[in-house]
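The sequence shown begins at 7 in the working numbering and counts up one residue at a time.
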Amino acid sequence: HALLTEYMSFIVLLFALYTISGGILLAGNIHGTPLVNAGLLVVGAALASVIGTTGASMILVRPILRANDNRPFNAHVVIFFIFLVSNIGGSLTPLGDPPLFVGFLRGVDFFWTTANLWRETLFVVVVVLAVFLAIDLILHRREAGAPKIKDPTPDTKVRLRGLANLPLLAGVIGAILLSAAWKPGVSFSVFGVSLELQNLVRDAIILALALLSLPLSYKSHRRANGFNWGPIAEVAKLFAGIFICIVPVVAILRAGHDGALAPLVALVTSAQGTPNDLAYIWLTGALSSFLHTATTYLV
Numbered sequence: 007h008a009l010l011t012e013y014m015s016f017i018v019l020l021f022a023l024y025t026i027s028g029g030i031l032l033a034g035n036i037h038g039t040p041l042v043n044a045g046l047l048v049v050g051a052a053l054a055s056v057i058g059t060t061g062a063s064m065i066l067v068r069p070i071l072r073a074n075d076n077r078p079f080n081a082h083v084v085i086f087f088i089f090l091v092s093n094i095g096g097s098l099t100p101l102g103d104p105p106l107f108v109g110f111l112r113g114v115d116f117f118w119t120t121a122n123l124w125r126e127t128l129f130v131v132v133v134v135l136a137v138f139l140a141i142d143l144i145l146h147r148r149e150a151g152a153p154k155i156k157d158p159t160p161d162t163k164v165r166l167r168g169l170a171n172l173p174l175l176a177g178v179i180g181a182i183l184l185s186a187a188w189k190p191g192v193s194f195s196v197f198g199v200s201l202e203l204q205n206l207v208r209d210a211i212i213l214a215l216a217l218l219s220l221p222l223s224y225k226s227h228r229r230a231n232g233f234n235w236g237p238i239a240e241v242a243k244l245f246a247g248i249f250i251c252i253v254p255v256v257a258i259l260r261a262g263h264d265g266a267l268a269p270l271v272a273l274v275t276s277a278q279g280t281p282n283d284l285a286y287i288w289l290t291g292a293l294s295s296f297l298h299t300a301t302t303y304l305v
């Protein structure tokens, strides 16, 4: 069930966002001052919930690297890029982060995270961005007295290329919303697993949009983005293994107090039988560090 429903839809979405975003190129270069860097991080964090953390990272990581390639102290820029664009920014929709999409597949409303987490997300983004600005300002001032490094990528006008892919991204969003709103009540049994028609249509549309992106995108844009199939292939193999291994764990947990993980079930359940929120926070955080957030969400 996990492979035919959660895993396949999960990989189809990641494949589509990776493929379509790989055809969008932010060409040109600007100088990486603290304010410019902060602006790029804000844009990336905002985009992450619309085109996914994968898509936002694909589009913006090279521009922000080019903007700072003549600075002697620039490692922190990448670290905060990972924090804000590749993680925190995707907290508002199922498109943003894989675990939220798994939740959507399990019946969580598409806009639930938007309505319930926007304040927390905004707070974390502001705090992390403030820390970044403080560090970047200090290092930028320190660089003033250091020997100048020749800029390997001089400043040029910034242009957005591959605009034909933007409607495809909108189509991905539309396909997901369609599967949430359209419930024809038709399903098919495959290996004993019930697959609903709206979910099959959604995945087919998303896959078709990803494949359509290939002929619509210039190969030069993908080359400039460093696009190749290696990363998404590794992700597919990694998560196939994780999803397969998680199946018996889910079955054991469903056995509750009668299963092999009864002590764990007792740990996250209060004496009154209600969930122990604090225990869930610590346990899910610990599991996410090596299981990935998506599979922890599924468990």
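We treat Cβ as the ideally placed atom computed from N, Cα and C, and that holds for glycine.
With a threshold of 16 other CB atoms inside 10 Å of the CB of residue i, please say whether the residue is buried or exposed.
i	result
E12	buried
F116	buried
F194	exposed
Y224	exposed
R260	exposed
L273	exposed
F296	exposed
Y286	exposed
G96	buried
N74	buried
P269	exposed
A51	buried
A292	exposed
G262	exposed
P78	exposed
I72	The sequence given here places Arg at residue 72; Ile does not occur at that position. Result: buried.
G265	exposed
G279	exposed
L66	buried
P100	buried
F129	exposed
L284	exposed
F110	buried
If you check the beta carbons only, do residue i and residue j fall under 8 Å apart?
i	j	result
R228	G102	no
N282	T290	no
V131	L90	yes
F16	A239	no
L32	L166	yes
L46	I30	no
L304	V114	no
S92	T120	no
V48	L135	yes
I26	L215	yes
In the DSSP assignment, what residue or residues form a beta bridge with residue i?
i	result
F315	The requested residue 315 does not occur in the structure, where the chain is confined to residues 7 to 305.
N231	For N231, which the question treats as bridged, DSSP gives no partner whatsoever.
R165	A33
T275	P281
Residue i to residue j, Cα distance in whole Å?
i	j	result
N35	T302	39 Å
I57	P105	15 Å
A181	I250	27 Å
P158	G177	38 Å
V137	N43	13 Å
A257	I85	37 Å
K163	L169	17 Å
V133	I94	12 Å
S226	G232	10 Å
I155	R68	19 Å
A186	A152	56 Å
L172	N122	27 Å
L213	A277	47 Å
V199	Y24	28 Å
W235	V253	28 Å
E149	F87	20 Å
W288	N80	33 Å
G61	R147	33 Å
P160	H82	21 Å
**Request:** Assess, as a yes-or-no matter, whether the region 231-245 is touched by the region 13-32 under the definition of 3 or more beta carbon pairs within less than 8 Å.
**Result:** yes
**Request:** Taking 8 Å as the threshold, find out whether the region 180-200 comes into contact with the region 216-223 through three or more Cβ pairs.
**Result:** no
**Prompt:** Between the region 142-156 and the region 36-44, do at least 3 Cβ pairs fall closer than 8 Å?
**Reply:** yes
**Prompt:** When the Cβ atoms of the region 51-65 are set against those of the region 202-215, are three or more pairs found closer than 8 Å?
**Reply:** no
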